[in-house]
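Everything on this sheet refers to the single structure shown next.
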Amino acid sequence: MDEKSANSRAWDWEAENGNAWAKIVGEDEIEKAKAGKPGLRVTVERNVPDSWVERLRGKDVLILAGGGGQQTPILSAYGCRVTTLDLSERMIERDKEALKRYGLEGESLIGDMSDLSRFADGSFSAIVNPVSLNFIEDIHKVFREEYRVLKDGGTLIFGIANPALYLFDDRLLAKGRMKVRYTLPFSDTKSLSRKDLERRLRNNDTIEFSHTLDSIIGGLTEAGFAIEGFFTDTSSFEPIDSFLHDCYLAFLAVKVGNLKVL
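Take a look at the structure:
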């Protein structure tokens, strides 16, 4: 199946139905960003540390799968030259609305984060990728593309779901009941029955994939990144948070260039 088209439709629906990631930031958050205190998030609850964001100011920044009127206007107000790429037309519209509302500059494009062929090698000094890699089956391809379009020494900040989140029956979890149902790695296209997958598509749910720690950390370093920072975050959903504190993982990585092994 074409999970990219399904996820594009799903996020169009989410943007129209009040998803938290599609709520344009308020004027107070823009003013804080202009004053040098951007409340940037790539996971659900915790802000990215100021020390991570400081290296982005005044730089060319690519935001991947970050439409929705949040990261784009915040980083533009902070002084970055921002380009945003998102699969969802409605999420990109939120970005454009936010930039216009606050008189900010930025380029917002519709596209797939695993295909950055429109950008030349070394086009950006930094990439910000809010938690969205779980909508992509092959994250190694994303890491390789991110590495290519970054300048040497460029910064990558991204969030991703802890694979353990995908162990549980999602319908029971929505009712506050936790029951382990799936093995890992999880894939909506392979782990679900045809009936359950069709139900998700009818309900405009996203198609998601868990990723092993080997794929996340190993894939990142194999692509040529060095990890310089890390934190975890909760989900803001009490049944899960009472069981697993580290629901989301956030990384600060740097493109180290071509290193010679001595």
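Residue numbering for the sequence shown is 492 to 753, as defined by our numbering.
For every residue, glycine included, the Cβ atom is placed at its ideal position computed from N, Cα and C.
By the three-class DSSP mapping on this structure, what secondary structure does residue i have?
i, result
"residue 743", "strand"
"residue 617", "strand"
"residue 753", "Summary for residue 753: the model assigns pLDDT 38, below 50, so the residue's position carries little reliability; its value from the coordinates is reported in the next sentence. Of the three classes helix, strand and coil, the one that applies to residue 753 here is coil, per DSSP."
"residue 646", "strand"
"residue 706", "helix"
"residue 637", "helix"
"residue 626", "helix"
"residue 499", "helix"
"residue 678", "strand"
"residue 735", "coil"
"residue 698", "coil"
"residue 515", "coil"
"residue 524", "helix"
"residue 655", "helix"
"residue 510", "coil"
Leaving out five residues before and five after residue i in sequence, what residues of the same chain have Cβ atoms less than 6 Å from its Cβ?
i, result
"residue 634", "710, 711, 714"
"residue 719", "743, 745"
"residue 599", "575, 583, 586, 587"
"residue 620", "555, 649"
"residue 577", "556, 558, 583"
"residue 546", "646"
Which stretch, first to last residue, makes up the beta strand (DSSP E) that contains residue i?
i, result
"residue 717", "716-724"
"residue 575", "572-577"
"residue 551", "551-555"
Starting from residue i, follow the alpha helix (DSSP H) in both directions and report where the run begins and ends.
i, result
"residue 567", "562-569"
"residue 544", "541-544"
"residue 689", "685-693"
"residue 661", "661-664"
Ignore the nearest five residues each way along the sequence and tell me which others in residue i's own chain have a CB closer than 7 Å to its CB.
i, result
"residue 582", "502, 506, 513, 558, 559"
"residue 692", "497"
"residue 722", "537, 741"
"residue 637", "618, 647"
"residue 673", "657, 658, 682"
"residue 696", "501"
"residue 670", "659, 660, 663"
"residue 737", "653, 723"
"residue 595", "564, 567, 568"
Please work out which residues of its chain come closer than 8 Å, Cβ to Cβ, to residue i, disregarding the five sequence neighbours upstream and downstream, and give them in chain order.
i, result
"residue 752", "Since pLDDT at residue 752 reaches only 40, below the 50 mark, its modelled position is unreliable, and the value read off the structure follows with that caveat. Within the same chain, residue 752 has no close Cβ partners at all."
"residue 631", "706, 710, 713, 714"
Does any CB atom of chain D fall closer than 7 Å to the CB of residue i?
i, result
"residue 510", "Among the protein chains of the structure shown there is no chain D, as only one such chain exists."
Is the region 700-707 touching the region 496-513 in the sense that three or more CB pairs, one from each, lie closer than 8 Å?
-> Below 8 Å, too few C-beta pairs join the region 496-513 and the region 700-707 to call them touching: fewer than three.
Three or more beta-carbon pairs under 8 Å between the region 735-743 and the region 646-663, yes or no?
-> By the C-beta criterion, the region 735-743 is judged to be in contact with the region 646-663, since at least 3 inter-stretch pairs fall below 8 Å.
Can you find at least 3 beta carbon pairs, one from the region 678-686 and one from the region 602-621, that sit closer than 8 Å?
-> A contact is defined here as three or more CB-CB pairs under 8 Å, and the region 678-686 fails this definition with respect to the region 602-621.
Every unbroken alpha helix (DSSP H) within the region 576-607, with a cutoff of 4 residues, ordered by chain | With a minimum length of 4 residues, the continuous alpha helix (DSSP H) runs that stay inside the region 576-607 are 580-593.
Tell me, please, whether the region 511-528 touches the region 561-575 by the rule of three or more beta-carbon pairs shorter than 8 Å.
-> They touch, by the three-pair rule.
Is the number of C-beta pairs between the region 604-620 and the region 534-550 that are closer than 8 Å three or more?
-> The region 604-620 is in contact with the region 534-550.
Are three or more beta carbon pairs between the region 717-736 and the region 526-545 nearer than 8 Å?
-> A contact is defined here as three or more CB-CB pairs under 8 Å, and the region 717-736 meets this definition with respect to the region 526-545.
Inter-stretch contact at 8 Å, needing at least 3 Cβ pairs: the region 520-527 / the region 564-581 = Under the 8 Å Cβ criterion, the region 520-527 counts as touching the region 564-581, having at least three qualifying pairs.
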